[in-house]
Structure formats: structure tokens, C-alpha cells
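Engineer: With the first letter of the sequence shown counted as 1, position 143 gets the number 143 in full-length UniProt numbering; the numbers rise by one all the way through. Just so it is clear, CB atoms sit at the ideal spot from N, CA and C, and this is done for glycine as well.
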Amino acid sequence: MLLFQYDFKIEFYGTDSDIRNHQPKLTIETRYGAPVVHIVISSENFLVSALQCKKAQLRLFNMPLNFNESLRRGDIVRIYYKKFTYEDDLAYEFIMSGYLGAPVDFDFENGDFICQYEIYLLSYDTFFNKKLDVKDYIGKSLHEAINLAFPDQAVINMSLQDRERIISESFYASTLKEFVEKLIGRYVHLIFVDVGDLRFKVDTRFVFINFDGLLGQKVYKRLEDFALLFVPQREVRFVGKSIINFWNASLFFTNKIKVGDCVQFVDRYGRSVKAVVQETGASLSNVGDCTLKLRLYDESNVL
């Protein structure tokens, strides 16, 4: 018996007009484990290792054989969840939206008919081919340059010194892709493309992180408040002569923790640990457990 059982609502939109009019062409809403839905949310390296992007794989079990006929690559998908299937008055909460990859369906060895989809946050129009209004960033602060390239989408987790650093060398970029390529390694340790808010179109937020500038942040979320499944496990990496600590944590799924958030918890020795969320992933099902996995960067690290 499941301790918590979740329901899901999945909406498929075909065109921009569908989104604006709030009229999905297909909607799936689960109830008491039917239809069976499996969702895996993970991160993948994008262009270079320091640019990571969230993606999802969606599986629908034993749908009608012609279910995929009306779906197209590039369609927009919205996914919502609701805890406690027996509570009728609870509202659905937003998990993510994204662009549909090529729809695939196949028969599994146990006889199940499976419709499978990859869901992406970035498309050629929203990232690869998107032109920038401002192309030359010499003389601008790093904070100003990022906000010009990513208006209303940037989350900057850096020290004040890094944010106010003036770009003095050649920095010309005509597309978002070029801007990111020039930024990584020289100005920013990590950029993570995460789920944004629920809006008309697919909304993304770009989280810019410099790990050595995180010590001044004061707002921390206690992981113990989010139903930890076990005490976070430490992972040690050696970078030159430095020892870098990471932590891996699993908890019941929530949409309240995102990349770039500051968290704290008590380790197995009773010590308080403060860290920043570097990666998130999730495994979701309406007939199984729903868990959120976190990879945390320890704030005590010295680079």
C-alpha cells in the first residue's frame, strides 16, 4: 500500500492560439491509478558540461491505439500533480511545461501498450536561434549583461563582487547560444535551465551560479520540513588540492525546491549543514512512489 498516492493532469497544446485560449487539444487526468502514468525528470548537459538543462520523459500506459495521431513534435505539454488522490477538494499544482519530442508508441514485453514522449524546456526558437537586441556587452556589469540577455528569466546566485564585475574584454554575441558560450568558464561556474512559472507559453528560468559567492545568502529551507526519506549522503570530490563536498538527498516529491535554493539539514552526526541545490530530479507515478532527488553543493567548500 502506498503511503501517498498522487494524481496527475497532463495537457497537450498544439499552437500558440491554443495556449492563449486555454484550450488543450488533449487532456489526461488520472484517477485511482488509471491511466497509469510514469514521469522521470532529469538534467542533461547542453552544449557544454557547465550548462545543464532540465528535461522529462513521460510514459502513458494502455492508451487508445490512435492516441498519438493528433500529437506533433513541438507541441506544448503541461504537467500538474495533486497529492492524496482521495481528497477531492485539493487543487492541482504545476510541475513543468515543455516542448514535445517526436511521439513514440510501442508494445512492452508484458503486453502493455506504451506512449512515450521526451519533453524539453528549450527549442531552436527559444534558444539556438533567438536573436539578442543588445549584442555588444563591453563596459557593462555582469549583472546588467545577464539581465539584458535574459529579461525576467535570470536568477543570479553570485557574490556582489562577481555581479558588479565589468566586462572589459571583447564580448560580442548575436544569439543566446553565443552569449552563454562566452559566459561559461570565464564569468560563471554553472548555468542551469529550470522550469519557470505557469504562463501562456513555456517559461524557463536561467540560474547563474558562482559557488564561491554563495556564503552571504541567509534564507534557507529546512529539508526536514519536506519529508526526507533518509539522511543526506555525502559525496567527496578532489579538485587539485581542494576537497569538495556534495550531498545527495531524497524526499517525497514537492515543487517547492528548485535549483539555486539554499537549504540546510542535520547530517548523521548531528551537525547542521548548509548547501545550495545544484541539481534536481524526480521519479513520479500514480501507481508508485513519487520522489525528488537533490544534489547539493556544500557551502563550506573552499575553491
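Are GLN57 and GLU144 close, meaning C-beta to C-beta below 7 angstroms?
Structural biologist: One-based indexing of the sequence shown puts residue 57 at position 57. One-based indexing of the sequence shown puts residue 144 at position 144. The answer is no: Cβ separation not under 7 angstroms.
Engineer: Helix, strand or coil for ILE114? Go by DSSP, reduced to three states.
Structural biologist: For the purposes of this step, residue 114 is identified with residue 114 of the sequence shown, where counting begins at 1. The answer is strand: DSSP assigns ILE114 an E or B state.
Engineer: Identify which residue in LEU190, GLN23, GLN116, GLY281 has its Cα closest to the Cα of ASP105.
Structural biologist: Here residue 105 corresponds to residue number 105 of the sequence shown, with the count starting at 1. Comparing Cα positions, the closest option is GLN116.
Engineer: Does the pairing of the segment 266-281 with the segment 231-240 give three or more beta-carbon distances under 8 angstroms?
Structural biologist: At 8 angstroms Cβ cutoff, the stretches touch.
Engineer: On the criterion of 16 or more Cβ atoms from any shown chain inside 10 Å, does SER97 qualify as buried, or is it exposed?
Structural biologist: Here residue 97 refers to the residue found at position 97 of the sequence shown. SER97 should be labelled buried.
Engineer: When you compare the segment 283-295 with the segment 233-251, are there three or more beta-carbon pairs, one atom per stretch, that lie closer than 8 angstroms?
Structural biologist: These segments touch.
Engineer: Measuring straight from C-alpha to C-alpha, what distance separates ASP112 and PHE4?
Structural biologist: Numbered from 1 along the sequence shown, position 112 holds the residue referred to as residue 112. Numbered from 1 along the sequence shown, position 4 holds the residue referred to as residue 4. Cα-Cα distance, rounded: 25 angstroms.
Engineer: Please report the Cβ distance between TYR32 and TYR81, rounded to the nearest whole angstrom; I am assuming they are in contact, meaning their Cβ atoms lie under 8 angstroms.
Structural biologist: The count along the sequence shown starts at 1 and reaches residue 32 at position 32. The count along the sequence shown starts at 1 and reaches residue 81 at position 81. About 15 angstroms; that fails the 8 angstroms criterion.
Engineer: Check each candidate in ASN301, THR280, GLY196 and name the one with the smallest Cα separation from VAL236.
Structural biologist: Residue mapping note: residue 236 aligns to position 236 of the sequence shown, counting from 1. Of the listed residues, the one whose Cα sits closest to VAL236 is ASN301.
Engineer: To the nearest angstrom, how far is the alpha carbon of PHE211 from that of SER123?
Structural biologist: The residue you call residue 211 lines up with position 211 of the sequence shown. The residue you call residue 123 lines up with position 123 of the sequence shown. Each residue's Cα considered, the two are about 28 angstroms apart.
Engineer: Taking 7 angstroms as the cut-off, decide whether the C-beta atoms of LYS55 and TYR120 are in contact.
Structural biologist: Locating residue 55 in the sequence shown gives position 55, where the first residue counts as 1. Locating residue 120 in the sequence shown gives position 120, where the first residue counts as 1. Going by C-beta atoms, LYS55 is nearer than 7 angstroms to TYR120.
Engineer: Measuring alpha carbon to alpha carbon, tell me which of LYS83, ARG186, ASN129 ends up nearest PHE253.
Structural biologist: To locate residue 253, count along the sequence shown from 1; it is residue 253. Of the listed residues, the one whose Cα sits closest to PHE253 is LYS83.
Engineer: For LEU183, which option in LEU198, VAL195, ARG72, ILE166 has the closest C-alpha, if you only look at C-alpha atoms?
Structural biologist: Taking the first residue of the sequence shown as position 1, residue 183 is located at position 183. Taking only the C-alpha atoms, the option nearest LEU183 is ILE166.
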